[in-house]
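In the working numbering, the protein residues as written are 33 to 516.
Here a beta-carbon is modelled for each residue, glycine too, at the ideal position from N, C-alpha and C.
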Ligand code: GLU
């Protein structure tokens, strides 16, 4: 039975890279009928950020990715928040002490600094020199206990075999070999009594019966330590899969400088969760060469770790925008309208009726990238025209235009409400253009200017239908002056 976990640390807003890790764990588990758990790794008190855990829950809820066990739903292996499991880690650190695979270290911060300086001066790689381990040979058990009982600060370190090598195996990266002498005696339990990531992570993966560890490539350097730690406990190892780095457009590790990196920012910008999930899924995994749009169900059916790439994946915002547009066009209009109402409210357009929002979204969905574009792209659909494209006006508002627009307003007013349709409006405009011996465009541009204030928009007649007969005529009259 496959069991995987997504194990974020609540150190900030959920990163798109973390969304990908969570998603791949989810797809992998669902593909194989396994279990996907959420575990909050919050033992590093110095990096804890208020609200970050809440953000993890909220962002996954938004994307629709569900975990089978976790702090929010419980499960047989809880608690799933590491800060609530500290006793478990202490017991396990003691187990390692008892097995002789870990030892107490009493070094002060100053001593460690001096050690690093010595190593720097000697030109050797920084690595714990095992002073405390050697001291304990001479200190003996009693003296060690006395130091601990008298309140001398201590840590517990992993004893890495002095010679030989450690082999790691990864489903994405293959096999690697590390000489043990290059691996540090990792601190497992800190002087504040909290475990380090390494201890808590391995203990929990073991106790929670994790079969596959799927996580970002930044954790690859820790893998040899983890392998040694599993051996130190005498435990069977899970399988590992390290996902390729996310790169910015310049092929450097994706960072804030490249734009938005938190999932919340994409939510705030009006991206659809389906599009973001689809986009993020393809950052390092390509199920087929011939298409890019996949539903979550399709991704579950196709997901295989063997198809995950080694090479870094470029976060291409253009592609996300394209995908969001594709999803916008396919989405049921009620869903889009429901999502756009709060966006409109934030932009100062409260009290928009659902049915009207649906009509507007349907009108302009082909022309926007995200729902957040709506209040700026089509503000004139929700309130008065607030700005005029003067260059456009100068180009199309000629001598005689005013009278022509006034005449059209009069003809529109003579249509009865049931006749306020695209074909009737178009008939009025084309008929009048013919009478004048002009091309219809000569009338449509001024019409567009008066109705929307700008050059770019949806179909003119369709826009007028959605806006309504009364409002359309009022706008034309605002442009032409008092009654015709
Ligand atoms: N807490 C680690 C993180 O924030 C987990 C890494 C892992 O999955 O082992 O990414």
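Sub-9 angstroms separation of residue i and residue j beta-carbons
| i | j | result |
| --- | --- | --- |
| residue 385 | residue 365 | no |
| residue 76 | residue 187 | no |
| residue 356 | residue 313 | no |
| residue 109 | residue 240 | yes |
| residue 143 | residue 163 | yes |
| residue 285 | residue 370 | no |
| residue 293 | residue 395 | no |
| residue 295 | residue 50 | yes |
| residue 275 | residue 192 | no |
| residue 238 | residue 257 | no |
| residue 137 | residue 160 | yes |
| residue 507 | residue 417 | yes |
| residue 493 | residue 458 | yes |
| residue 368 | residue 393 | yes |
| residue 127 | residue 265 | yes |
| residue 540 | residue 218 | Lying before the first or after the last residue shown, residue 540 is absent from the chain, which here runs from 33 to 516. |
| residue 388 | residue 483 | no |
| residue 487 | residue 421 | yes |
| residue 212 | residue 200 | no |
Assumed close pair residue i, residue j - CB separation to whole angstroms, cut-off 8 angstroms
| i | j | result |
| --- | --- | --- |
| residue 69 | residue 99 | 6 angstroms |
| residue 472 | residue 462 | 5 angstroms |
| residue 425 | residue 481 | 5 angstroms |
| residue 372 | residue 406 | 6 angstroms |
| residue 491 | residue 419 | Not quite, the Cβ-Cβ distance comes to about 21 angstroms (not below 8 angstroms), so this is no contact. |
| residue 36 | residue 57 | 4 angstroms |
| residue 504 | residue 247 | So it is not a contact: roughly 57 angstroms between Cβ atoms. |
Under the three-state DSSP convention, the category residue i falls into
| i | result |
| --- | --- |
| residue 206 | strand |
| residue 137 | strand |
| residue 374 | helix |
| residue 479 | helix |
| residue 487 | coil |
| residue 186 | coil |
| residue 357 | helix |
| residue 511 | helix |
| residue 164 | helix |
| residue 69 | strand |
| residue 430 | coil |
| residue 201 | strand |
| residue 345 | strand |
| residue 473 | helix |
| residue 291 | coil |
| residue 285 | strand |
| residue 407 | helix |
| residue 418 | coil |
| residue 196 | coil |
| residue 449 | helix |
| residue 98 | coil |
| residue 516 | Reliability fails at residue 516, whose pLDDT of 42 lies under 50, so the model's placement of it is uncertain and the value that follows must be treated cautiously. In this structure, residue 516 counts as coil in the three-state DSSP scheme. |
| residue 399 | helix |
| residue 172 | helix |
| residue 178 | helix |
| residue 146 | helix |
Host alpha helix (DSSP H) of residue i (start-end)
| i | result |
| --- | --- |
| residue 219 | Careful: residue 219 lies outside any alpha helix (DSSP H), inside the beta strand (DSSP E) at 219-221. |
| residue 295 | 295-300 |
| residue 255 | 255-265 |
| residue 308 | 305-313 |
| residue 493 | 492-499 |
| residue 433 | 433-445 |
| residue 58 | 48-63 |
| residue 236 | 229-239 |
| residue 86 | 84-95 |
| residue 387 | 386-396 |
| residue 129 | 118-131 |
| residue 332 | 328-334 |
Start and end residues, beta strand (DSSP E) containing residue i
| i | result |
| --- | --- |
| residue 273 | 271-275 |
| residue 38 | 35-38 |
| residue 454 | No beta strand (DSSP E) holds residue 454; the alpha helix (DSSP H) holding it covers 454-468. |
| residue 247 | 244-248 |
Evaluate contact between the segment 322-330 and the segment 274-292, counting only Cβ atoms and requiring at least three cross-stretch pairs below 8 angstroms. Judged by Cβ distances under 8 angstroms, the segment 322-330 makes no contact with the segment 274-292, as fewer than three pairs qualify.
The segment 148-166 touching the segment 251-266, judged by at least three CB pairs closer than 8 angstroms: With a cut-off of 8 angstroms, the segment 251-266 and the segment 148-166 do not count as touching, because too few Cβ pairs lie within range.
Inter-stretch contact at 8 angstroms, needing at least 3 Cβ pairs: the segment 463-470 / the segment 427-443: Segment contact: the segment 463-470 against the segment 427-443, three or more CB-CB distances shorter than 8 angstroms; contact assigned.
Below 8 angstroms, can you find three or more Cβ-Cβ pairs linking the segment 392-409 to the segment 292-304? Because the criterion of three Cβ pairs below 8 angstroms is met, the segment 392-409 and the segment 292-304 touch.
Contact between the segment 267-275 and the segment 287-301 (3+ Cβ pairs under 8 angstroms): Contact between the segment 267-275 and the segment 287-301 is absent, with fewer than three C-beta pairs closer than 8 angstroms.
Taking contact to mean 3 or more Cβ pairs, one atom from each stretch, closer than 8 angstroms, check whether the segment 117-124 and the segment 243-257 are in contact. Short answer: they don't touch.
Pairing CB atoms from the segment 43-57 with CB atoms from the segment 81-92, are three or more of them under 8 angstroms? Short answer: they touch.
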